[in-house]
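Chains as they are written, first to last, in the numbering used here: chain A, 432 to 686; chain B, 441 to 583.
Written out as structure tokens, the structure reads:
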């Protein structure tokens with residue numbers, strides 16, 4: 432399916448001021464009817480600040496409203512619009528076309544996630560593994576039982592984990608991970624980084640139970656420190672760092 | 441592509457171009473590991489030929505004294521040196537050594553765990569492997 436259409440020439444009611452246009456190739460795939468994906472091509476005008484998500488929404492608005500894409504906040508906060516952009520996992524709302532330095536932008540669904548349709552993928556497994564590592568503070572007491580209204584923490588203690596609390600669960604790290612390309616049972620960098628986020632939290636007392644959860648054959652030992660997860664993280668979480676620190680606990684380097 | 445899968449499989453592991461030198465090191469580590477495992481098995485078979493007596497031993501050893509045999513051993517030297525050097529880097533990293541400190545990230549979010557120490561470790565392992573291979577070639581092919 433190689434249909435090339437141009438917004439500027441055919442559809443736009445007002446002349447767009449953009450002087451450049453890019454060939455946007457969108458992967459189309461419906462698992463209920465298609466055996467393999469096909470690419471539709473559109474010529475889309477763009478400006479210096481135009482994001483890939485805006486270009487996709489232009490296509491939906493002017494050419495084909497059936498293109499399936501998940502998005503919400505448009506400001507790299509909700510983690511909904513992760514996709515492969517020119518072969519690399521990125522957030523569409525956080526990727527400017529001008530930064531890609533290419534006349535062709537190819538968008539595909541993220542790898543290692545089942546495809547719902549076109550660019551939208553299922554997140555159930557990511558949320559399951561995230562839930563598996565107990566993403567909440569574990570304590571003997573609770574705020575309700577204690578007279579204190581909050582658990583105090585020093586700024587230094589906060590620094591130990593605040594970076595990992597930036598995770599927006601976009602799934603880019605799981606998509607880039609080389610272990611996840613072959614191992615369907617691997618817990619994945621997102622969940623492991625979040626395990627470290629809580630283990631490093633001075634208010635949390637659930638370190639041992641979390642380490643037990645990840646200390647298994649498809650757990651932390653399947654990470655081989657390729658670091659691709661950290662390279663694609665749009666929030667600077669650096670899952671590879673958290674995973675190595677976490678492994679340090681299990682190997683006895685940290686206590 | 442299927443609804444339940446969408447995994448790249450081995451192709452995803454073997455396509456390191458998108459993620460820089462760290463992913464290339466990851467691929468080389470896997471390949472050299474498999475290569476050394478193959479060599480180890482072949483080596484056990486080779487040394488077991490001593491049970492065939494001196495004649496059998498010399499006969500089998502002669503196979504390694506050919507140009508192809510020497511090139512194979514040069515490759516083994518390279519694999520061994522890279523796997524050792526990069527392995528030390530990875531083991532230190534696995535213990536949390538040299539992967540940076542947690543801190544509030546600033547845009548453009550360069551990951552601290554992919555720092556210059558690890559890049560130097562990777563490039564050093566490659567250079568050391570190349571030097572060792574050249575030395576091996578000089579010994580085996582030299583006069």
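Just so you know, even glycine gets a beta-carbon here, dropped at the ideal spot from N, CA and C.
Beta-carbon within less than 6 Å of residue i's beta-carbon, same chain only, minus the 5 sequence neighbours each way: which residues are those?
i, result
"residue 663 (chain A)", "520, 603, 607"
"residue 465 (chain B)", "526, 562"
"residue 459 (chain A)", "469, 471, 549"
"residue 649 (chain A)", "616, 617"
"residue 386 (chain A)", "This structure gives no information on residue 386 (chain A), because the portion of chain A shown stretches from 432 to 686."
From the DSSP output, which residues share a beta bridge with residue i?
i, result
"residue 457 (chain A)", "A:471, A:538"
"residue 565 (chain A)", "According to DSSP, which records beta bridges pairwise, residue 565 (chain A) is partnered with nothing at all."
"residue 452 (chain A)", "A:476"
Quick check on DSSP: helix, strand or coil for residue i?
i, result
"residue 531 (chain B)", "helix"
"residue 482 (chain A)", "strand"
"residue 502 (chain B)", "helix"
"residue 547 (chain A)", "strand"
"residue 527 (chain A)", "strand"
"residue 552 (chain A)", "strand"
"residue 455 (chain B)", "coil"
"residue 672 (chain A)", "helix"
"residue 444 (chain A)", "Unreliable placement is indicated for residue 444 (chain A), whose pLDDT of 48 sits below 50; the coordinate value is still reported in the next sentence. In this structure, residue 444 (chain A) counts as coil in the three-state DSSP scheme."
"residue 662 (chain A)", "helix"
"residue 580 (chain A)", "coil"
"residue 586 (chain A)", "helix"
"residue 651 (chain A)", "helix"
"residue 449 (chain B)", "coil"
Report the rounded CA-to-CA distance for residue i versus residue j, giving the unit in angstroms.
i, j, result
"residue 503 (chain A)", "residue 463 (chain B)", "32 Å"
"residue 677 (chain A)", "residue 627 (chain A)", "6 Å"
"residue 540 (chain A)", "residue 484 (chain A)", "13 Å"
"residue 545 (chain B)", "residue 659 (chain A)", "17 Å"
"residue 499 (chain A)", "residue 548 (chain A)", "6 Å"
"residue 465 (chain A)", "residue 499 (chain B)", "59 Å"
"residue 484 (chain B)", "residue 581 (chain B)", "25 Å"
"residue 577 (chain B)", "residue 564 (chain B)", "20 Å"
"residue 566 (chain B)", "residue 518 (chain B)", "9 Å"
"residue 508 (chain A)", "residue 487 (chain A)", "19 Å"
"residue 534 (chain A)", "residue 541 (chain B)", "39 Å"
"residue 653 (chain A)", "residue 636 (chain A)", "25 Å"
"residue 475 (chain A)", "residue 661 (chain A)", "31 Å"
"residue 521 (chain B)", "residue 511 (chain B)", "15 Å"
"residue 574 (chain B)", "residue 504 (chain B)", "18 Å"
"residue 488 (chain B)", "residue 509 (chain B)", "18 Å"
Counting along the chain, where does the beta strand (DSSP E) carrying residue i start and finish?
i, result
"residue 515 (chain A)", "513–516"
"residue 519 (chain A)", "519–522"
Is there at least one non-hydrogen atom of the ligand COA closer than 7 Å to the beta-carbon of residue i?
i, result
"residue 550 (chain A)", "Annotation note on the ligand COA: not contained in the displayed structure, which lists no ligands."
Ends of the alpha helix (DSSP H) at residue i?
i, result
"residue 630 (chain A)", "620–630"
"residue 486 (chain B)", "461–488"
"residue 593 (chain A)", "Careful: residue 593 (chain A) lies outside any alpha helix (DSSP H) and carries neither H nor E."
"residue 638 (chain A)", "638–645"
"residue 411 (chain B)", "A query on residue 411 (chain B) cannot be resolved here, the shown segment of chain B reaching from 441 to 583 and no further."
"residue 605 (chain A)", "603–607"
Who are the near neighbours of residue i in its chain, counting only those whose CB is closer than 7 Å to its CB and skipping five residues on each side?
i, result
"residue 611 (chain A)", "543, 605, 617, 619"
"residue 454 (chain B)", "467"
"residue 505 (chain A)", "484, 524"
Less than 8 Å between C-beta atoms, sequence neighbours within five positions excluded: which residues of the same chain meet that for residue i?
i, result
"residue 564 (chain A)", "618, 622, 623, 625, 626, 629, 641, 644, 645"
"residue 476 (chain B)", "516, 519, 520, 523"
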